[in-house]
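Asks: What follows is a single structure, and I will ask about it in a moment.
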Amino acid sequence: MSLKEKLIKLRDNNVDNNTDWEKTKKTWLNDLDTIYSSIKSWFSDLEKEKLLTYSEETKTIQEEHIGTYDVNILKIHTEINSIIFEPIGTLLIGAWGRIDFYSNNNPQDKMMLLKTKSQNTDDFVWEIRSKKDRFKGIEFTQKNLENVIEKWLDR
């Protein structure tokens with residue numbers, strides 16, 4: 003078997019031809035809407051008190067099988083910085099979605115929201131993970147997100 007034939011065989015064996023890629027994309031876009039809605043709901047009191055504001059901008063993502071599509075980047079603005087939630091994609095090794103988030107004052111200290119399969123069930127869960135320790139995650143909750151943001155504001 004030639005190299006080309008081996009590569010074609012590997013490619014064909016790794017593509018699930020029964021996958022509905024449009025459905026995969028719609029699920030991912032719905033996930034983003036749900037995450038952003040949760041964040042805005044969690045911080046609605048802070049927004050009402052004018053302690054933070056939101057803005058969004060569009061980003062184009064290109065993924066194999068899904069193609070090119072647009073997503074929104076969510077920005078939370080405070081008096082001293084902005085927290086940016088930037089979608090990376092849905093077709094990832096070991097995850098079904100990734101959103102990087104970081105403070106514009108310290109972008110090298112990125113965190114990730116990863117959609118993974120629960121270890122106990124077949125359900126999906128969102129976890130906060132550090133880019134420095136990708137294998138250790140904590141549940142994506144209001145309190146855990148607040149803790150990350152508080153650490154960034156203390157710097």
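First residue of the sequence shown: 3, per the numbering used here; consecutive thereafter. We put the beta carbon where it would ideally sit given N, CA and C, even for glycine. The model shown is predicted, which means the values in this text are computed figures rather than measured ones.
On the DSSP bridge list, what partners appear for Tyr71?
Replies: Ile63, per the DSSP bridge assignment.
Asks: Touching or not, the stretch 51-60 and the stretch 91-98, by the rule of three or more beta carbon pairs under 8 Å?
Replies: With the cut-off at 8 Å, the stretch 51-60 and the stretch 91-98 do not touch.
Asks: Taking the beta carbon of Asp33 as the centre, do at least 16 other beta carbons fall within 10 Å, making it buried, or is it exposed?
Replies: Burial call: buried.
Asks: Can you say whether Ile86 is buried or exposed, counting buried as having 16 or more other CB atoms within 10 angstroms of its CB?
Replies: Counting Cβ neighbours within 10 Å, Ile86 comes out buried, since at least 16 surround it.
Asks: My output table needs one value for Ser4: the three-state DSSP class, helix, strand or coil.
Replies: Three-state DSSP puts Ser4 in coil, outside helix and strand.
Asks: So, is Phe103 buried or exposed, given that buried needs 16 or more other C-beta atoms within 10 angstroms?
Replies: Buried, because 16 or more other Cβ atoms sit within 10 Å of the Cβ of Phe103.
Asks: Given a cut-off of 9 Å on the beta-carbon distance, is the pair Ile63 and Val73 in contact?
Replies: Contact: yes.
Asks: Taking just the CA atoms, how far does Leu76 sit from Tyr38?
Replies: About 7 Å.
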